[in-house]
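To keep things clear, I will list the structure first and then write my remarks on it.
There are 2 protein chains.
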Amino acid sequence: MTPHRPLRPAGTPMRPGEHVVVVGFGPVAARFVDDVADLAAAGTIRLTVIGGETDPAYNRVLVGELATGRAELAGMALADPGLLARSGVDLLLGTEVTRIDRSRRVLHVTDGPAGEVRELGYDRLVLATGSRPNLPVLRGINPDPRAYEHLPAGVTALRDLRDARAVRAVVERRGRVVVLGGGVLGLEAALAASEAGCPVTVVHHAPWVLTRSLDAPGGALLGRALADAGVPVVSGAQAREVSLDEDRSFRGLVLEDGRTLPGELLLLSIGVTARTELAEGAGLRTARGIVVDHELEADVEQRVFAIGDCAEVLCKDPSCRVCPGREGVGPSGLVGPGWRQAEWLAARFRAELDAVAAGGTAVLAPLTDGPAAAVRLKAHQVELACAGTVGGLPWEPRPDGGTVVQWADGSAGSYAKLVLRPDRTLEGYIVLGLPRAAAEIGLLHDRGEAVPEDPGVLLRLDGPDAGARQEARMTPESTVCHCAGVTMGRIADAVGAGAATVEEVGCATRASTGCGGCKDAVRRIVEEHAAAV
Amino acid sequence: MTPHRPLRPAGTPMRPGEHVVVVGFGPVAARFVDDVADLAAAGTIRLTVIGGETDPAYNRVLVGELATGRAELAGMALADPGLLARSGVDLLLGTEVTRIDRSRRVLHVTDGPAGEVRELGYDRLVLATGSRPNLPVLRGINPDPRAYEHLPAGVTALRDLRDARAVRAVVERRGRVVVLGGGVLGLEAALAASEAGCPVTVVHHAPWVLTRSLDAPGGALLGRALADAGVPVVSGAQAREVSLDEDRSFRGLVLEDGRTLPGELLLLSIGVTARTELAEGAGLRTARGIVVDHELEADVEQRVFAIGDCAEVLCKDPSCRVCPGREGVGPSGLVGPGWRQAEWLAARFRAELDAVAAGGTAVLAPLTDGPAAAVRLKAHQVELACAGTVGGLPWEPRPDGGTVVQWADGSAGSYAKLVLRPDRTLEGYIVLGLPRAAAEIGLLHDRGEAVPEDPGVLLRLDGPDAGARQEARMTPESTVCHCAGVTMGRIADAVGAGAATVEEVGCATRASTGCGGCKDAVRRIVEEHAAAV
Chain A
8 MTPHRPLRPA GTPMRPGEHV VVVGFGPVAA RFVDDVADLA AAGTIRLTVI
58 GGETDPAYNR VLVGELATGR AELAGMALAD PGLLARSGVD LLLGTEVTRI
108 DRSRRVLHVT DGPAGEVREL GYDRLVLATG SRPNLPVLRG INPDPRAYEH
158 LPAGVTALRD LRDARAVRAV VERRGRVVVL GGGVLGLEAA LAASEAGCPV
208 TVVHHAPWVL TRSLDAPGGA LLGRALADAG VPVVSGAQAR EVSLDEDRSF
258 RGLVLEDGRT LPGELLLLSI GVTARTELAE GAGLRTARGI VVDHELEADV
308 EQRVFAIGDC AEVLCKDPSC RVCPGREGVG PSGLVGPGWR QAEWLAARFR
358 AELDAVAAGG TAVLAPLTDG PAAAVRLKAH QVELACAGTV GGLPWEPRPD
408 GGTVVQWADG SAGSYAKLVL RPDRTLEGYI VLGLPRAAAE IGLLHDRGEA
458 VPEDPGVLLR LDGPDAGARQ EARMTPESTV CHCAGVTMGR IADAVGAGAA
508 TVEEVGCATR ASTGCGGCKD AVRRIVEEHA AAV
Chain B
8 MTPHRPLRPA GTPMRPGEHV VVVGFGPVAA RFVDDVADLA AAGTIRLTVI
58 GGETDPAYNR VLVGELATGR AELAGMALAD PGLLARSGVD LLLGTEVTRI
108 DRSRRVLHVT DGPAGEVREL GYDRLVLATG SRPNLPVLRG INPDPRAYEH
158 LPAGVTALRD LRDARAVRAV VERRGRVVVL GGGVLGLEAA LAASEAGCPV
208 TVVHHAPWVL TRSLDAPGGA LLGRALADAG VPVVSGAQAR EVSLDEDRSF
258 RGLVLEDGRT LPGELLLLSI GVTARTELAE GAGLRTARGI VVDHELEADV
308 EQRVFAIGDC AEVLCKDPSC RVCPGREGVG PSGLVGPGWR QAEWLAARFR
358 AELDAVAAGG TAVLAPLTDG PAAAVRLKAH QVELACAGTV GGLPWEPRPD
408 GGTVVQWADG SAGSYAKLVL RPDRTLEGYI VLGLPRAAAE IGLLHDRGEA
458 VPEDPGVLLR LDGPDAGARQ EARMTPESTV CHCAGVTMGR IADAVGAGAA
508 TVEEVGCATR ASTGCGGCKD AVRRIVEEHA AAV
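Listed in order, the protein sequences are those of chains A and B. Under the working numbering, think of the first position of the first sequence as 8, with each following residue one higher. Under the working numbering, think of the first position of the second sequence as 8, with each following residue one higher.
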């Protein structure tokens, strides 16, 4: 879907010499900085980046992997401070922004709660403050999100490196883990911990996990698959309190029905909330995030922008085809959409600068929302992908005239549900335990292509005699890395130009540098190229 | 399933010269007579057949076809009275048996209500009295089943030639038809009438048609397929009365909710009841039919037998693996099981005569119940086959440890449900709109073979590229004609021996002489043989 209108002519386009300040230094900010660092190096703009953590930007998406010992910090760096400094980027780590003074275009910054407050001027402000984990309302836990630093020992989310270290200590001694929340990240952490040898239980409030992404059958079959993978789910459960021992360490989660689920670690995974306090304090509009229009502008003067998890695209045009249905959608928690915003904003600034240099006006294709982002469970034991609207039944009429196709094999534990529009494009889908069908169906969904007249052909991709069929279908336009939006063709080009490892392909194309779920696919492409040469 | 015990040594085995009297001359009686006519011709036994109708035996299964103009009486004959007479068979048509005097082994027979009552002695009595249509409890209709002859004009079932003629008159002028009852026969009649150009509505009391054979999704999708074929179903409907015009002719069916469904014809299709009055009057045990044991004996002296729709196999052995589950099952209405009983009883008599001639004791393999008979909707517009137990869902555990596989394509209107036992043999199935899958699944069910590890391969048989796969699977053991139980191999043998038409194959093997649903398959085999030669 594209926004309702083309990018309007810039009112106050960026001019050479302006000072761009980026607040936040997570993966989305790092991507933006990466894309405009050359402008800073050339002296076209001044660029300052302010990070709250003392570590430079790392791939936050991999914090769960780090926690369960499947990734190391060394491989998670997203930015090289020395290189940035040499490019002329001002990098302020361990620094907090306490206020935005929009009238004077000045930030108040401090090196910590006790630090002195300094002023820092800006011409353009890019907010990439991300999100923070939600805290449950449980006896024994302070539900104020800002109390996150003061959780009892053994109670943590998986947001930053400190969290990862706390979890890893328990995982390494194979301690018992209770995961609160059956969303994607909670399930991935539970499966990884189980694979690492920990006894794990997931507690979920609704009748089935991934409640918003799955229908009841999909939820039931996923629940079975999780149990088979050593991750029993306690569904429809209301947690009441954390049971702590005398030194205030977690020792069990008490449910409303009186049961106690013992454990050494309570992993909180009940969603995230956009960090909007700064924007709120500056009088900017916020809803589930900092409200921006389709050009990512948070204010009418086009001086403040927001990208990534802290931003919510929500325009005021009642005829906009994109926004109404999105109202009330919070941060996605996925890196892909934020990366595309970072990329687009950098390109916008560059186009404005180019236009000023050429004495013209910038014209830039508007940022398009891709199809609804897919949920993919990244785990070795369970294969699940789903996206979009998945309600309805094959034997009931759909209000829009569309139809539903459903396959469920209770024996194999596999499930596929396709919700088709009248033109046979996909409104949504669920695919469990059928990895090749999932890839093909995801492709049809992302490209807005029609599902074959006989959808049964999709199931064959995982059949005993599928063989080369799936490879044949991979075209140069097939997206391999969904985080960075990298196609098969671009990866093949990089390999042809000399990239000989997954890491080298990542450097050349950014493929596999997000969630890492495509690493095996990239490795296959590299190996096939090597074999062909 | 086989009965619990082998056939016991005959207490009073049949001896040469005995008089066998068959009461009834429907398809099952005709089959029995056909199988023992040579014994009569050779003078080994005396054989008398008593038919209530004045017409000789005709294929009652085709009455619906006759009614809708798709069959003619000429092609429906099952017996040639002249040939039987020349074989020495006494054929008494238009004759009613009013009483069985078991102590004297004598029947009271009459040529009609006003006719004189004569006595007719027997040594062995074979009851093949069949069943009669159930009548609904509706204002305007006398519900006494014996009042069948006195239904209002335009209200009829489809049991005999008179019914067929009444229906055909309406069908030929494309009159509006209301079918009461959404069972197999009602739906087949409705589809045939619709195909012949009549506006048709089916009224069914339950939420979906074929209620006992289908689950809710299958029922809903079949309902849609019927509507698409011009046969709307009014489900969950309670009929209240028939609306008649001044000359007592049907003009509409009034429902409990006040709606009137207008029509020129009300076709009653709400099941049949075994004709057991004669047996009851003779002190024989009856339940849903004349109760017989696994040797088809209705009395302990082995003088009275029952076969076909009037018989209910229900032994007294509490450990019998066959009977308990069958308790309460009424007449099947299918010709296949009756034909197998007729065939077996004829073989039993022959074996007893042979044993007496050889001075020994007859030993005969007991009559085995095949797997649960499949329900196959014989219609051009809708393809449906189902059998066995079809409850349960893929995402819910089954008490027996089995599993369920389900495919539903709301767009194509196709549906498949396989209920698997722990060993992957079929407990039951539903297949709608997938004719080749239905054939293969029916085969797996009938043979007790395991469903493939990836049941998705079954769907491919109806896929766009299925081609020759299905033919390859047809083995010499594949049953082509389910009524007469004729395999592919026997048909091929008949064709090899010179049978060059469907009719000639029918004469040689009886294939296609039942419901006629396999005629296309037989024709294909004949043509393939011709092409190969």
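Glycine included, every Cβ here is placed at the ideal spot set by N, Cα and C.
Residues that residue i contacts on chain A, provided the C-beta gap is smaller than 9 angstroms
| i | result |
| --- | --- |
| residue 348(B) | Residues of chain A passing the Cβ test: none, with the nearest at roughly 36 angstroms. |
Proximal residues of chain B, C-beta to C-beta of residue i below 9 angstroms
| i | result |
| --- | --- |
| residue 470(A) | 461, 463, 464 and 467 |
| residue 427(A) | 417 and 418 |
Pair within 8 angstroms by beta-carbon distance, residue i and residue j
| i | j | result |
| --- | --- | --- |
| residue 75(B) | residue 281(B) | no |
| residue 319(B) | residue 296(B) | yes |
| residue 159(A) | residue 183(A) | no |
| residue 117(A) | residue 136(A) | no |
| residue 462(B) | residue 461(A) | no |
| residue 138(A) | residue 338(A) | yes |
| residue 304(A) | residue 20(A) | no |
| residue 147(B) | residue 102(B) | no |
Euclidean distance between Cα positions of residue i and residue j
| i | j | result |
| --- | --- | --- |
| residue 155(B) | residue 257(B) | 15 angstroms |
| residue 149(B) | residue 309(B) | 38 angstroms |
| residue 132(B) | residue 311(B) | 5 angstroms |
| residue 162(B) | residue 276(B) | 11 angstroms |
| residue 186(B) | residue 241(B) | 10 angstroms |
| residue 27(B) | residue 234(B) | 50 angstroms |
| residue 476(A) | residue 374(A) | With a pLDDT of 44 at residue 476(A), under the threshold of 50, the modelled position of this residue cannot be trusted; read the value that follows with caution. About 34 angstroms. |
| residue 547(A) | residue 527(A) | Examination of residue 547(A) is not possible in this model, given that chain A is present from 8 through 540 alone. |
| residue 99(A) | residue 321(A) | 31 angstroms |
| residue 405(A) | residue 427(A) | 10 angstroms |
| residue 538(B) | residue 495(B) | 17 angstroms |
| residue 478(B) | residue 442(B) | Residue confidence is low: residue 478(B) scores 46 on pLDDT, short of 50, so the model does not pin down where it sits. Its coordinate-derived value is still stated next. If I take the Cα positions, the gap works out to 13 angstroms. |
| residue 51(B) | residue 504(B) | 31 angstroms |
| residue 423(B) | residue 411(A) | 14 angstroms |
| residue 371(A) | residue 346(A) | 18 angstroms |
| residue 96(A) | residue 56(A) | 7 angstroms |
| residue 340(B) | residue 316(B) | 7 angstroms |
| residue 492(A) | residue 540(A) | 27 angstroms |
| residue 262(A) | residue 167(A) | 28 angstroms |
Selected residue, minimal CA-CA separation from residue i, among the options
| i | options | result |
| --- | --- | --- |
| residue 532(B) | 500(B), 517(B), 294(B) and 259(B) | 500(B) |
| residue 425(A) | 107(A), 436(A), 471(A) and 168(A) | 436(A) |
| residue 523(B) | 239(B), 464(B), 383(B) and 401(B) | 383(B) |
| residue 510(A) | 217(A), 68(A) and 81(A) | 81(A) |
| residue 251(A) | 485(A), 145(A), 284(A) and 380(A) | 145(A) |
| residue 248(A) | 273(A), 458(A), 512(A) and 381(A) | 273(A) |
| residue 215(A) | 202(A), 194(A), 445(A) and 237(A) | 194(A) |
| residue 62(B) | 85(B), 48(B) and 68(B) | 85(B) |
| residue 488(A) | 507(A), 230(A), 516(A) and 502(A) | 516(A) |
Bridge partner(s) assigned by DSSP for residue i
| i | result |
| --- | --- |
| residue 393(B) | 382(B) and 437(B) |
| residue 388(A) | Answer by DSSP bridge pairing: none, since residue 388(A) is not bridged. |
| residue 414(B) | 414(A) and 423(B) |
| residue 312(A) | 133(A) and 304(A) |
| residue 115(B) | 106(B) and 126(B) |
| residue 162(A) | 273(A) |
| residue 281(A) | 138(A) |
| residue 361(A) | Answer is none; residue 361(A) lacks a bridge partner. |
| residue 508(A) | According to DSSP, residue 508(A) bridges with nothing at all. |
Residues that residue i contacts on chain A, provided the C-beta gap is smaller than 8 angstroms
| i | result |
| --- | --- |
| residue 457(B) | Under the 8 angstroms cutoff, chain A gives no residues; its nearest Cβ is about 11 angstroms from residue 457(B). |
Residue i beta carbon near the ligand FMN (any heavy atom closer than 7 angstroms)
| i | result |
| --- | --- |
| residue 305(B) | Ligands are entirely absent from the displayed structure, and the ligand FMN is therefore not among its contents. |
Under 7 angstroms from the C-beta of residue i: neighbouring residues of chain B
| i | result |
| --- | --- |
| residue 410(A) | 417 and 418 |
Where residue i meets chain B, residues with beta-carbon distance less than 8 angstroms
| i | result |
| --- | --- |
| residue 228(A) | 401 and 402 |
| residue 224(A) | 400, 401 and 402 |
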